[in-house]
Amino acid sequence: MFSNRYIFIYASVLVVLVAIILTIAAVQLKPFQDNNKRVEKMQNILSSLNIESTPQNAKTLYEKTIVNTMVINNKGEVIPK
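Residues in the sequence shown are numbered from 2 upward in steps of one, following my numbering.
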């Protein structure tokens with residue numbers, strides 16, 4: 002039988018190892034997640050214009066379709082880029 006101390010140390014080491022592995026995975030996958038968010042936003046904008054797109058062709062269609070962009074605040078004022 003294992004002592005309570007051994008079980009506690011074993012569980013603690015496993016928790017730390019899993020935390021490190023998950024952190025490394027999150028950091029390594031962050032650029033892919035950011036790119037997917039950007040592509041999804043492009044697809045949503047194209048979809049609002051009734052243009053069907055896939056993740057593969059969204060960037061090309063977006064660049065071809067959207068030629069001018071501006072940012073407008075909640076007061077209706079155009080904010081310079």
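We put the beta carbon where it would ideally sit given N, CA and C, even for glycine.
Being a predicted model, the structure only gives us computed values, none of them experimental.
Indicate the three-state DSSP secondary structure (helix, strand or coil) for residue i in the structure shown.
i: Q80; result: Inspection of the sequence shows that residue 80 is occupied by Ile rather than by Gln. In the structure shown, I80 sits in a strand (DSSP, three-state: E or B).
i: V1; result: As displayed, the chain neither begins before 2 nor continues past 82, which places residue 1 out of reach and without an answer.
i: V28; result: helix
i: I1; result: Residue 1 is absent from the model: the chain starts at 2 and stops at 82.
i: V68; result: coil
Does the beta-carbon distance from residue i to residue j come in below 8 Å?
i: I67; j: N74; result: no
i: K60; j: V40; result: yes
Restricting to Cα atoms, I'd like to know which of the options is closest to residue i.
i: N58; options: M71, V14 and N37; result: N37
i: F33; options: N5, F9, P56 and F3; result: P56
Stretch-stretch touch, CB-based, cutoff 8 Å, three pairs: the segment 41–60 with the segment 21–32: no
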